[in-house]
Amino acid sequence: MTDIPFQSLPEAPRAPATVKSYLDEGHTLASWLFTTDHKRIAILYAIGITIFFFIGGFAAMLIRIQLLTPNGTIVSPELYNRIFTIHGIVMVWFFLVPSIPTTMGNFFLPLMIGARDVAFPRLNIISFWIFFLGALFTVVCIVSGGVDTGWTFYTPYSTLYSNGHVIAAAIGIFIVGFSSIATGVNFLTTVHTMRTEGMTWFRLPLFVWAMYATSFVMVLATPVLAASLLMIVAERALGMPLFNPHNGGDPILFQHLFWFYSHPAVYIMILPAMGVVSEVIPCFARRVIFGYRFMVYAMMMIALIGFSVWGHHMFVSGQSPFANIYFSFLSFMVAVPSAIKVFNWSASLFRGSITLEAPMFYALGFVGLFTIGGLTGLMLASVPVDIDLTDTYFVVAHFHYIMVGGSVSAFFAGLHYWWPKITGKLYNERAARLAALLMFIGFNLTFFPQFILGWAGMPRRYATYPPEFQLWHVASSLGAAVLALAYIMPLFYLGWSLYRGGKASANPWHATGLEWQTASPPPKDNFAVPPRVTHGPYFYHADNDPSQPTKNAS
Amino acid sequence: MSAHRPDRRWLRGPVLVWLALLLLLALTTWIGYMPLDHLNAAINFPLAGIMVALVAYYLMRLKNEVGVVWLAALAGVIFLFTLFFLTFGDYFDR
Amino acid sequence: MSQVTITSPRDWQEHDLSLAARLGMWIFLATEILFFGGIFCAYAVLRYLNPVGFGIGGHETEILYGALNTFVLATSAVTMTMAAKAADGADYRLIRIGLIATFALGVLFLALKGMEYHDDIVHHLVPGHHFALADPSAEMFWGFYWVLTGLHAIHMSVGLVIIGRAYWLTRQNLKLDELRRNLDVSSLYWHLVDCIWFVIFPVIYLAGRSG
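Chains as they are written, first to last, in the numbering used here: chain A, 2 to 555; chain B, 951 to 1044; chain C, 1337 to 1547.
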């Protein structure tokens, strides 16, 4: 096993002067809209989720303006209900669930396993159109009809009492679910059947494992959401009494079915983020990831145990105390693999040569913010504590620390890390670091006061509140303004880089992954020659001698 | 295609499965009419399960399939059981 | 050190297309198991909570139609297997006979279902204002009847389209490998729809039978 870098082998094919990139394979609109190239599909998805991110963000802005004053600044309680509903539906289903898997997963999964594309390229483009048109349909229906049930659609309000386009919204989300399932089927099959020669399971990058675990969850959880939404439509549209207590139905049954999907859904939203962070930290600390195998086992355990904890959303719903006990216990269990991952990311930094480029800034932010989110999750998993904190802003702060502090930070980490590879351009590092700093400050200013608010008793989904809470709400809204600025900045400096950015080499970060061993941007078939793998993925230094960085990684 | 008649002896297997399915259908219907209270469901659903298993093993060819396909086939069933199991844990205790 | 060692230029090798097709379809079937399974779980819970009403409701289902349809689908499962296995030996005649028989049985199923639906509507067994039975949870049972059998019928119709396409492919001069992949995958889908019916049968038609 000799230390021969890629470029200096005498037999290696001489690289052509310029490699035709996937961006140059056709310039028509049709060549983009009907492409089967996973890289182009990733970009289509990126445009889609960005649009929905700003729609959901606009709703968040209205929420934060509303909550500046105790008696409500701009909207009635009824309209407020519709605003937080659309915020939740759009952010969860049309931004977070697709975000990393459909953009970075689609782009890099084949590259990282040495394949030319995914297993079912036509299914891939179909899944994009299902997502985009379904999500657009849902947003139009919600905005025109006003759904006020919350993204959780609890019965019997959603089935019997709510006025508004509940049926249309449920159908729209049902349709978008097929996109999730299609992506999951594609990724699972791709990893099982298309790994290149020498790419054994335990040589896979952690990002690929994360995509695998996420796909596993997407495929098994989403159908139950489909079933629960279908039953809401059946009850509402067709008068089939399925959750109606008058007929002997049980509204809590809906919650069981809904949360059977929606809890694993949060793992769909965090596992990809963990995968991204596991790629970025080794690169910018110049260290092999600590405990690779445990990182893999931890992700698989999260995916598996994550299916058994949904009842922790229902501690005060009226479910039995016995159920409360076992769901609480299992929720404590599922925290363990996440903790293992946090320890391993931290241990990977030890004796590293750390540099704080924007991707690393976001990744380190992820580790800290995810830890806070996770610890507060443990607090909520404890039944006596949850009885007081349920439906307060404590819960809101907890999940935003994970979703926004965690997943969105990781999304930006990956976006910046892989931007040179995807576009072939270098972004302005100073502007990126400023945006990262603003995001960190803005995020904490927005959401930390919400822990305090929740602890003090401020209920969630309320349009007005007692005056003693105002200080914290104003702080939170101020933070939201800073956060909004931090989210808008990348549109500018990343957009600018497309026209005036420096040209990126194949491996500007001197990283070791397979995706960095091909041109930036890659050619249509990803590699000029099919790669053959001989090592594990994080070869930043020799096994026994961290002080000697390996040739290509210096 | 060969000039001789194609070898169709393999048809015996599927026909046997067909007979088994019909037998199970008759059995489960017959039992369904017996006044056995809770036992009716306790018998009829496993019988349906056997029908499904026969189709999956012989007709859907799981018998000759590789491990990863078995994993996919079983994953749906296992997590469905999780849904049933933990949901009923709530209802049994109410 | 990069992860890659290149020793000589080589061609891209095709991965196992048959395994990919079968695996992809089985994963999709797992999603269908959970989709119908979610509805079955709701049924199971509500039947557990309302045994009497479900029995009253179940008593009104037409077992003759149900049993006959189960017979039809059990037979179609075998004719579909026939078509798929015949492809192994390139027995095109048997493939086509199998597909035609399966398609015909599927159409027969839907016709019988349609007749049954007509009877149910005439007897006011549709939840709503004019529902025939007094017991409120019997109305819930019938909600499940329409949702489960309706969804199944939709899946069956999609299955007929898939079989029709498979038949069309046998006339298209495809490479045998490609045809076999399509038949494998079509057959898996069809069998799943049959299996879902085998579970629907006791759920809908054997409830309250002994009351």
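From the three backbone atoms N, C-alpha and C, an ideal C-beta is built for every residue, glycine too. All of these numbers come straight from a predicted model, not from anything done at the bench.
Integer Cβ distance of residue i from residue j, believed to fall under 8 angstroms
i       : j       : result
C:L1489 : C:G1391 : Before going on, a small fix: residue 1489 of chain C reads as Ala here, not Leu. That belief does not hold up - the Cβ atoms of C:A1489 and C:G1391 are roughly 25 angstroms apart, past 8 angstroms.
C:V1381 : B:T1032 : Actually they do not touch by this definition, with Cβ atoms about 15 angstroms apart.
A:R461  : A:V397  : 5 angstroms
A:G374  : A:H399  : 6 angstroms
C:I1399 : C:R1545 : 7 angstroms
B:V965  : C:V1388 : Incorrect: roughly 42 angstroms between the Cβ atoms, too far for contact.
B:L1010 : C:F1534 : For the sequence presented, residue 1010 of chain B should be read as Met rather than Leu. Contact doesn't hold; Cβ gap of about 13 angstroms is too wide.
C:L1469 : C:I1540 : 15 angstroms between Cβ atoms; not a contact.
A:I341  : A:F308  : Incorrect: roughly 19 angstroms between the Cβ atoms, too far for contact.
A:F285  : A:M361  : 4 angstroms
B:L997  : C:G1373 : 18 angstroms between Cβ atoms; not a contact.
A:Y541  : A:R288  : 6 angstroms
DSSP-derived helix/strand/coil call for residue i
i       : result
A:G425  : coil
B:L1024 : helix
A:K504  : strand
C:F1372 : helix
B:I981  : helix
A:Y578  : Because chain A is modelled from 2 through 555, residue 578 of chain A falls outside the range shown and cannot be assessed.
C:Y1541 : helix
A:Y155  : coil
A:P14   : Summary for A:P14: the model assigns pLDDT 47, below 50, so the residue's position carries little reliability, and this model does not support an answer.
B:R955  : coil
C:C1362 : Residue identity check: residue 1362 of chain C is Trp in the sequence provided, not Cys. Helix.
A:Q471  : helix
C:D1530 : helix
A:Y200  : Tyr is not the amino acid found at residue 200 of chain A; the sequence shown has Met there. In the structure shown, A:M200 sits in coil (DSSP, three-state: anything other than H, G, I, E or B).
B:V1005 : helix
B:M1010 : coil
A:N325  : helix
C:G1389 : helix
A:E236  : helix
C:E1452 : helix
C:D1520 : helix
A:D4    : Confidence at A:D4 is low in this model, with a pLDDT of 36, below 50, so the placement of that residue should be treated as unreliable; the coordinate-derived value is given next. Of the three classes helix, strand and coil, the one that applies to A:D4 here is coil, per DSSP.
A:I355  : coil
A:M380  : helix
A:F40   : Looking at the sequence shown, residue 40 of chain A is not Phe but Lys. Here A:K40 sits in helix by DSSP.
Cross-strand partners of residue i (DSSP beta bridge)
i      : result
A:S22  : A:P524
A:P460 : A:T393
Neighbour list for residue i in chain D, Cβ cutoff strictly below 7 angstroms
i      : result
A:N248 : In the structure shown, chain D does not exist; the protein chains are A, B and C.
Proximity test, residue i beta-carbon vs the ligand GDP heavy atom, cut-off 7 angstroms
i      : result
A:A227 : This structure lacks the ligand GDP, and indeed carries no ligand of any kind.
The region 510-518 of chain A touching the region 106-114 of chain A, judged by at least three CB pairs closer than 8 angstroms: In short, these stretches touch, since the Cβ pair count reaches three.
Inter-stretch contact at 8 angstroms, needing at least 3 Cβ pairs: the region 419-433 of chain A / the region 393-409 of chain A: no
The region 1400-1418 of chain C in contact with the region 1431-1444 of chain C per 3-pair CB rule at 8 angstroms: yes
The region 388-406 of chain A in contact with the region 244-252 of chain A per 3-pair CB rule at 8 angstroms: no
Chain A contacts from the region 1381-1413 of chain C (Cβ-Cβ distance under 8 angstroms): V1381, L1382, L1385, N1386 and G1389
Under 7 angstroms (Cβ pairs) to chain B, residues found in the region 1523-1545 of chain C: L1524, H1527, D1530, C1531, F1534, V1535, F1537, P1538, L1542 and R1545
Proximal residues, the region 1348-1374 of chain C versus chain A, C-beta separation under 9 angstroms: The residues in question are W1348, Q1349, H1351, D1352, L1353, L1355, A1356, A1357, L1359, G1360, M1361, I1363, F1364, A1366, T1367, E1368, I1369, L1370, F1371, F1372, G1373 and G1374.
Three or more C-beta pairs below 8 angstroms linking the region 1457-1464 of chain C and the region 218-225 of chain A: No, they do not touch.
The region 267-284 of chain A touching the region 518-526 of chain A, judged by at least three CB pairs closer than 8 angstroms: no
Against chain B: residues of the region 1416-1449 of chain C by CB proximity under 9 angstroms: M1416, T1417, M1418, A1420, K1421, A1422, D1424, G1425, A1426, D1427, Y1428, R1429 and L1430
Sufficient close CB pairs (3 or more, under 8 angstroms) joining the region 100-110 of chain A to the region 489-506 of chain A: no
Any 3 or more C-beta pairs closer than 8 angstroms across the region 159-173 of chain A and the region 189-209 of chain A: no
Contact between the region 175-190 of chain A and the region 129-138 of chain A (3+ Cβ pairs under 8 angstroms): yes
Stretch pair the region 1419-1438 of chain C + the region 187-205 of chain A: three plus CB contacts closer than 8 angstroms: no
Near-chain C residues of the region 223-240 of chain A (beta-carbon distance less than 8 angstroms), N- to C-terminal order: T223, P224, V225, A227, A228, S229, L231, M232, A235, E236, L239 and G240
Near-chain C residues of the region 185-214 of chain A (beta-carbon distance less than 7 angstroms), N- to C-terminal order: V186, L189, T190, H193, T194 and M195
Cβ-based contacts, 8 angstroms cut-off: residues of the region 122-151 of chain A near chain B: none
Members of the region 313-341 of chain A near chain B, C-beta cut-off 8 angstroms: Q320, S321, P322, F323, A324, Y327 and F328
Interface residues of the region 173-184 of chain A facing chain C [CB-CB below 8 angstroms]: I182
Stretch-stretch touch, CB-based, cutoff 8 angstroms, three pairs: the region 1016-1030 of chain B with the region 148-168 of chain A: No, because fewer than three Cβ pairs between the region 1016-1030 of chain B and the region 148-168 of chain A fall closer than 8 angstroms, the two stretches do not touch.
Short-range partners of chain C found in the region 954-983 of chain B, where Cβ spacing is below 8 angstroms: Correct list: P956, D957, R958, W960, L961, P964, V965, V967, W968, L971, L972, L975, T978, T979, G982 and Y983.
Three or more C-beta pairs below 8 angstroms linking the region 1517-1529 of chain C and the region 1464-1479 of chain C: no
Three-pair Cβ contact test at 8 angstroms for the region 363-377 of chain A versus the region 301-315 of chain A: no
Touch test, the region 1356-1373 of chain C against the region 187-194 of chain A, Cβ-Cβ under 8 angstroms, three pairs minimum: Touching, per the Cβ criterion.
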